[in-house]
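Mapping to numbering that gives the first Met the number 0: the sequence shown position 99 is 98, numbers consecutive.
The C-beta atom is built at its ideal place from N, Cα and C for all residues, glycine as well.
Here the structure is laid out as structure tokens; the discussion comes afterwards.
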Amino acid sequence: MPRRTALALRFVQLFVGLFLYGASTALQVRAVVGVSSWTVLTQGLENVVPWSFGAITIVSSGVILLLWIPLRQKPGIGTLLNALAIGPSADLVLWLVPEPSGIVARIGLFTAGLVLLAVATAFYIGAGFGTGARDGLMVGLHQRLGWPIWLARTLVEVTVVIVGWVLGGDVGAGTVIAAFAIGPMVQPLMPHFRRFPWSPERTATVADTTPPWRPAPPPPRPLREQDRSGPLPAADHSCSRSPGGRRAVHRQSPDNPCGTPERDIA
């Protein structure tokens, strides 16, 4: 696949994943059975600092990026687009999807949002443009400490929920379910969204296994007459000396292969 085509498809995968991420957040908000863990933390910080919800989200993202330094994570263009694209997509879905009235509909909407959140996370991370500030913690703990994705995600989610709840954030049944379920749901999905033909892992593998260019071998040398007739017979040195032990010059004939010595050479 051409490099430009692969890059364009990776951007498509990134934007689709970010849109689905915002949509999943909106579905969980509409379900009203408990907000996500990071929303709990933001609500708790609203009780501590006199800032708006959006301002707290931006500042907390900057603080989280500082935690990337010991984990040796590098922000990419996906990190920036994560902050810019998720909010508008969530607002769009909130405008389109009304709040359900029955408990069964709420549970179904929350379940759909949770599944969509796992798919969206693996989808946009698999594009290879960098993770969001919050998902970067999960990836960093996995790469640096060797923890499984599900364990790193679960520990981060539980920690955030506890801190947000202590600060006064709203915690519901959906919050607890999401904190423990999102990690195991993302873990098996990650390899599948990194196996597309345009995925960076696949393109790097193809580039590494492609043999370098080599000049064509020279044409075969034409056979000479002695090559066609086979190898030359081995030389016979049994007649090279005269009976006196000196070298002799022989005159050979078909009946006398050794020939008759003409003269001896001292």
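- Item | 8 Å Cβ cutoff met for Tyr123 and Leu13 | Yes.
- Message: Suppose the cutoff is 6 Å on Cβ atoms and the five residues either side in sequence are ignored; what does the same chain contact list for Val157 look like?
- Response: Scanning its chain for C-beta atoms nearer than 6 Å, with the 5 sequence neighbours on each side dropped, one finds around Val157 the residues Ala178, in chain order.
- Please go through the same chain and pick out, in chain order, the residues whose beta-carbon is closer than 6 Å to the beta-carbon of Gly275, but skip the five residues on each side of it. Nothing can be reported for residue 275, as the shown portion of the chain is limited to 0 through 265.
- Query: Does the distance from the CB of Met267 to the CB of Val155 come in under 8 Å?
  - Reply: Residue numbering for the chain in the displayed model covers 0 to 265; residue 267 lies beyond these limits and cannot be assessed.
- Task: Could you check how far apart the C-beta atoms of Ala30 and Gly112 are, in whole angstroms? I think they sit under 8 Å.
- Result: For Ala30 against Gly112, the beta-carbon gap comes to about 6 Å, under 8 Å, which counts as contact.
- Message: Within 8 Å, do at least three Cβ pairs link the stretch 159-169 to the stretch 33-44?
- Response: With a cut-off of 8 Å on Cβ pairs, the stretch 33-44 is in contact with the stretch 159-169, counting three or more such pairs.
- Does the count of Cβ pairs from the stretch 86-94 and the stretch 16-25 closer than 8 Å reach three? By the Cβ rule, the stretch 86-94 counts as touching the stretch 16-25, because three or more pairs are nearer than 8 Å.
- Message: By alpha-carbon positions, which one of Trp149, Pro99 and Ala132 ends up nearest to Ile76?
- Response: The shortest C-alpha separation from Ile76 is found at Ala132.
- Message: Which residue wins for smallest C-alpha separation from Pro87, given the options Arg152, Thr24, Pro190 and Arg9?
- Response: In this structure, Thr24 is the residue among Arg152, Thr24, Pro190 and Arg9 with its C-alpha nearest to the C-alpha of Pro87.
- Sequence-distant residues of the same chain with beta carbon closer than 7 Å to Ala82, five excluded per side: Counting only Cβ-Cβ distances below 7 Å, and skipping sequence neighbours, we find Ser60.
- Item | Three-state class that DSSP yields for Thr4 in the structure shown | Helix, per DSSP.
- Count the other C-beta atoms from every protein chain shown that fall within 10 angstroms of the C-beta of Arg9, then say buried if there are 16 or more, exposed otherwise. That one is buried.
- C-alpha distance - Leu116 paired with Pro1, whole-angstrom precision: Going by the C-alpha atoms only, they are around 31 Å apart.
- Glu98 - DSSP class collapsed to helix/strand/coil: Three-state result, Glu98: coil.
- Exposure of Leu26, with buried meaning 16 or more beta-carbon neighbours within 10 Å: Leu26 should be labelled buried.
- Item | Option in Val48, Leu44, Thr4 and His191 with minimal Cα separation from Gly125 | Closest in alpha carbon position to Gly125, among Val48, Leu44, Thr4 and His191, is His191.
- Should Leu140 be labelled buried (16 or more other beta-carbon atoms within 10 Å of its own) or exposed? By the neighbour-count rule (16 or more Cβ atoms within 10 Å), Leu140 is buried.
- Task: May I have the straight-line CA-CA distance separating Val96 from Ala104, to the nearest angstrom?
- Result: Computed Cα separation, rounded: 12 Å.
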